[in-house]
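Chains as they are written, first to last, in the numbering used here: chain A, 128 to 515; chain B, 334 to 462. Think of the CB as a built atom: it goes at the ideal place given N, C-alpha and C, for glycine as much as any other residue. Note that the structure is predicted; figures quoted are calculated from it, not measured.
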């Protein structure tokens, strides 16, 4: 297999983008990535588009061809494929692009992620997202995503004694980081009291424990590492690309508050990269809810089960901490356009490793990791990146 | 949920009928047609559950999609049935009463209706035992 490098990234603003359409968002991110890599569109060999639910949110299917067309690449007849794994659709698109280049099948491949969630009502959004769990045996009872993660949180609190303050601190930290990210949906710091006094959505999770409904797109260009310097002085090497699955229903998991697919994908990633946990300088994890970040830190092996709440409270995962987590603001503050999230995480790590992260720059960042979760953990995609 | 999709699982939803693998003895609800442990070596047969179990974890749903909105706030839980499998279901009780470890038993209830003229979905909910 060939080594693969990221040579370009592109992001739209994340948020309620009422005046921009689905296809416009995706093309904007793609064009930015192409410009960032100093490429011409004609040099793109293949395209992958991560999208969870175009069919529900904008009533559009056939996303691969749609984006290739609006990117002006349809007349080149390049292969373009949509990838779907709920909220891990973007991470999966990136993994497909990496696999495609690593295999030697193609040289220059673009992976994009896009979601336009604000064209439909809140109720329709909730229902569409419920499709990431088992529709017949979870969704049918009115079970929502916040309530599934709330059941994980309840189980976790029961077993490990996590405090309300520790959980809220995840949101406070991520809003602090988001306030320093120019594309973030919420560029505003918040206090513990704001989280603790926000409306209950699904006990024990409150509104400010939840990532928002967002529009946005992200794109990344990869090529063989040996060709990367043709395009950029600062390529970022892909050290590991892994994916794992688990049961679609939360009730079938071995342990309700542990995401075994994260453990599996993480272990595979560290093995593939030949690295240890202490080698990681920063990580972007899938904090769709505050409890998800707590579980991710533990399931990736950065601390023992039950310790992440205390570490978060002590500032271990803060921007200036020992292991900065979600420097982009995470899904919580940066926003969570579901199909775009996995690739946004990659863009954040690439910016950090290039030293381009501005006010949220982690000093001396050399190795970064991403963890992208579909559903309540039925799919997990992890990647590790290194400065070249 | 579309009529055929609901209708074909009516016996299971109404009567808490799941499956059991006779090779390894594992019970499944929701029913499975392939045993994940034994795969093709497995022998799947129907099994009617007793309907008693306990709450493993729960949440109180305050916001949900439109058709369930009228029911909010309502408790939903992961229930461990006495035979050993787990399922997700609403619990009919005071929202302050539900707790981890609470003994529950199954009951036949309306789940949701598809507008004033659409299908009415019935199925299993749980009540304190």
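Beta-bridge partners of residue 437 of chain B, as assigned by DSSP: The sequence position of residue 437 of chain B within the second chain is 104, counting from 1. DSSP, once it has assigned bridges, lists B:386 and B:461 as partnering residue 437 of chain B.
Residue ranges of each beta strand (DSSP E) within the stretch 148 to 220 of chain A, 3 or longer: 173 to 177 and 207 to 210
C-alpha gap between residue 149 of chain A and residue 241 of chain A, whole angstroms: Within the first chain, residue 149 of chain A is the residue found at index 22, counting from 1. Within the first chain, residue 241 of chain A is the residue found at index 114, counting from 1. Computed Cα separation, rounded: 7 Å.
Candidates B:337, B:340, B:383 and B:346, of which the one nearest residue 265 of chain A by Cα: As a first step, residue 265 of chain A must be located in the first chain, where it is residue number 138. Residue B:346 is the option with its Cα nearest to residue 265 of chain A.
is_contact[residue 269 of chain A, chain B] using C-beta, thresh 8 Å: Working through the first chain from its first residue, we reach residue 269 of chain A at position 142. At least one chain B Cβ lies under 8 Å of residue 269 of chain A.
Residue range of the alpha helix (DSSP H) that includes residue 461 of chain A: Here residue 461 of chain A corresponds to residue number 334 of the first chain, with the count starting at 1. Start and end: 457 to 461.
Beta-carbon proximity check, residue 336 of chain A vs residue 244 of chain A, cutoff 8 Å: Residue 336 of chain A sits at position 209 when you count from the first residue of the first chain. Residue 244 of chain A sits at position 117 when you count from the first residue of the first chain. No, these two residues do not count as a Cβ contact at 8 Å.
Alpha-carbon spacing of residue 446 of chain A relative to residue 420 of chain A, whole angstroms: The residue labelled residue 446 of chain A in the question sits at position 319 within the first chain. The residue labelled residue 420 of chain A in the question sits at position 293 within the first chain. C-alpha separation (whole angstroms): 15 Å.
Spatial distance of residue 405 of chain B from residue 274 of chain A (CA atoms): The residue you call residue 405 of chain B lines up with position 72 of the second chain. The residue you call residue 274 of chain A lines up with position 147 of the first chain. Near 12 Å, if we compare the C-alpha coordinates of residue 274 of chain A and residue 405 of chain B.
Euclidean distance between Cα positions of residue 433 of chain A and residue 407 of chain A: Here residue 433 of chain A corresponds to residue number 306 of the first chain, with the count starting at 1. Here residue 407 of chain A corresponds to residue number 280 of the first chain, with the count starting at 1. Approximately 21 Å between the Cα atoms of the pair.
Buried versus exposed call for residue 317 of chain A [16 or more other C-beta atoms within 10 Å across all chains shown]: Locating residue 317 of chain A in the first chain gives position 190, counting from the first residue. Result: buried.
Neighbouring residues, chain A, relative to residue 387 of chain B (Cβ below 7 Å): The count along the second chain starts at 1 and reaches residue 387 of chain B at position 54. By Cβ distance, chain A contributes nothing, its closest Cβ being about 13 Å from residue 387 of chain B, past 7 Å.
Run of the beta strand (DSSP E) containing residue 312 of chain A, from where it starts to where it stops: Position 185 of the first chain, counting from 1, holds the residue named residue 312 of chain A. Run containing residue 312 of chain A: none; DSSP gives neither H nor E here.
Under 9 Å (Cβ pairs) to chain A, residues found in the stretch 437 to 449 of chain B: 444 and 445
DSSP bridge partner residues for residue 368 of chain A (one or two, in chain order): In the first chain, counting from the first residue as 1, residue 368 of chain A sits at position 241. Residue 368 of chain A pairs with A:510.
At least 3 beta-carbon pairs within less than 8 Å: the stretch 354 to 366 of chain B vs the stretch 283 to 300 of chain A: no
Interface flag, residue 327 of chain A vs chain B, CB-CB below 8 Å: As a working mapping, residue 327 of chain A is identified with position 200 in the first chain. At least one chain B Cβ lies under 8 Å of residue 327 of chain A.
Residue-chain proximity (residue 277 of chain A, chain B), Cβ-Cβ < 8 Å: Working through the first chain from its first residue, we reach residue 277 of chain A at position 150. It does: the Cβ of residue 277 of chain A has a partner Cβ on chain B nearer than 8 Å.
Min CB distance residue 420 of chain B to chain A below 8 Å: By 1-based counting over the second chain, the position of residue 420 of chain B is 87. So, interface residue.
Cβ shell of residue 134 of chain A (< 6 Å), same chain only, five flanking positions each side left out: Residue 134 of chain A sits at position 7 when you count from the first residue of the first chain. Around residue 134 of chain A: 164, 348, 350, 355, 358, 359 and 362.
is_contact[residue 335 of chain B, chain A] using C-beta, thresh 8 Å: In the second chain, counting from the first residue as 1, residue 335 of chain B sits at position 2. Residue-level contact by beta carbon fails for residue 335 of chain B and chain A, as no gap is shorter than 8 Å.
Residue 324 of chain A vs residue 457 of chain A beta-carbon contact at 8 Å: Looking up residue 324 of chain A in the first chain gives position 197. Looking up residue 457 of chain A in the first chain gives position 330. Going by C-beta atoms, residue 324 of chain A is not nearer than 8 Å to residue 457 of chain A.
Inter-stretch contact (C-beta, 8 Å, three-pair minimum) for the stretch 169 to 180 of chain A and the stretch 490 to 498 of chain A: no
Residue from A:217, A:373 and A:267 with nearest C-alpha to residue 446 of chain B: Reading the second chain from its first residue, position 113 is the one you call residue 446 of chain B. Ranked by Cα distance from residue 446 of chain B, the first of A:217, A:373 and A:267 is A:267.
Chain B within 8 Å of residue 425 of chain A, Cβ atoms only: Residue 425 of chain A sits at position 298 when you count from the first residue of the first chain. Closer than 8 Å: no.
Beta-carbon neighbours of residue 281 of chain A, restricted to chain B and to distances below 9 Å: Taking the first residue of the first chain as 1, we reach residue 281 of chain A at position 154. Residues of chain B passing the Cβ test: 390, 391, 392 and 433.
Unbroken alpha helix (DSSP H) run spanning residue 273 of chain A, endpoints: Working through the first chain from its first residue, we reach residue 273 of chain A at position 146. Counting along the chain, the alpha helix (DSSP H) containing residue 273 of chain A begins and ends at 272 to 287.
Pair within 8 Å by beta-carbon distance, residue 312 of chain A and residue 469 of chain A: Here residue 312 of chain A refers to the residue found at position 185 when the first chain is read from its first residue. Here residue 469 of chain A refers to the residue found at position 342 when the first chain is read from its first residue. Contact: no.
Cβ contact (3+ pairs, closer than 8 Å) linking the stretch 245 to 259 of chain A and the stretch 152 to 166 of chain A: no
Straight-line Cα distance separating residue 433 of chain B from residue 413 of chain B: Counted from its first residue, the second chain places residue 413 of chain B at position 80. Counted from its first residue, the second chain places residue 433 of chain B at position 100. Their Cα atoms are separated by approximately 11 Å.
Validate contact between the stretch 474 to 485 of chain A and the stretch 196 to 204 of chain A using beta carbons, cut 8 Å, 3 pairs: The answer is no - the stretch 196 to 204 of chain A does not touch the stretch 474 to 485 of chain A, with fewer than three Cβ pairs under 8 Å.
The stretch 372 to 393 of chain A: positions lying closer than 9 Å to chain B by Cβ: 374, 376, 377, 378, 379, 380, 383 and 384
Chain-ordered chain B contacts of residue 254 of chain A [CB-CB under 7 Å]: Taking the first chain and counting its residues from 1, one reaches residue 254 of chain A at position 127. Those are 398, listed as they occur along chain B.
First through last residue of the alpha helix (DSSP H) which encompasses residue 299 of chain A: Translated into positions along the first chain, residue 299 of chain A becomes position 172. Segment 291 to 305, the alpha helix (DSSP H) holding residue 299 of chain A.
Simplified DSSP state of residue 356 of chain A, which is helix, strand or coil: Reading the first chain from its first residue, position 229 is the one you call residue 356 of chain A. Correct three-state label for residue 356 of chain A: helix.
C-beta neighbour in chain A for residue 343 of chain B, strict 8 Å: To locate residue 343 of chain B, count along the second chain from 1; it is residue 10. It does not: the Cβ of residue 343 of chain B has no partner Cβ on chain A nearer than 8 Å.
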